[in-house]
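What follows is a single structure, written as structure tokens, with notes after it.
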Amino acid sequence: MRRPSIRKRKDDEIEILRKSALEGSRTAIRESIALGLTIKLISGNKLIEKTPDGKKRVLRKLEREPGTDIELKKGMVLRRK
Numbered sequence: 003m004r005r006p007s008i009r010k011r012k013d014d015e016i017e018i019l020r021k022s023a024l025e026g027s028r029t030a031i032r033e034s035i036a037l038g039l040t041i042k043l044i045s046g047n048k049l050i051e052k053t054p055d056g057k058k059r060v061l062r063k064l065e066r067e068p069g070t071d072i073e074l075k076k077g078m079v080l081r082r083k
């Protein structure tokens, strides 16, 4: 029997981590609503507060940091300032 490659095992671990984070987030949201707590979330470029009764309120608009659209190319050397 052939062993799975290291890359395959790493991809499997990442997928398990992603699924567990998604399930944990869903559970936390459901419990917060059941307890009557507000939830803050990011949708698009807005920070939104959602109350247990379903009302949504925009807390603020988020701006992208300048310089986040830097395109990296193969072989580039990055140096920390």
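What the sequence shown shows, in my numbering, is residues 3 to 83, in sequence order. We put the beta carbon where it would ideally sit given N, CA and C, even for glycine.
Through-space distance from residue 17 to residue 31, alpha-carbon basis: Numbered from 1 along the sequence shown, position 29 holds the residue referred to as residue 31. Numbered from 1 along the sequence shown, position 15 holds the residue referred to as residue 17. Rounded to the nearest angstrom, the two C-alpha atoms are 21 Å apart.
I need the DSSP call for residue 73, collapsed to helix, strand or coil. Reading the sequence shown from its first residue, position 71 is the one you call residue 73. DSSP places residue 73 in coil when its eight states are reduced to three.
Among 83, 37 and 51, which one has its Cα closest to the Cα of residue 43? Residue 43 sits at position 41 when you count from the first residue of the sequence shown. The option with the nearest alpha carbon to residue 43 is 51.
Helix, strand or coil for residue 11 per DSSP? The residue given as residue 11 occupies position 9 in the sequence shown. The answer is helix: DSSP assigns residue 11 an H, G or I state.
Taking the DSSP output, what are the residues bridged to residue 19? Reading the sequence shown from its first residue, position 17 is the one you call residue 19. Answer by DSSP bridge pairing: none, since residue 19 is not bridged.
Would you report the Cα separation of residue 73 and residue 66, rounded to the nearest angstrom? Taking the sequence shown and counting its residues from 1, one reaches residue 73 at position 71. Taking the sequence shown and counting its residues from 1, one reaches residue 66 at position 64. Each residue's Cα considered, the two are about 16 Å apart.
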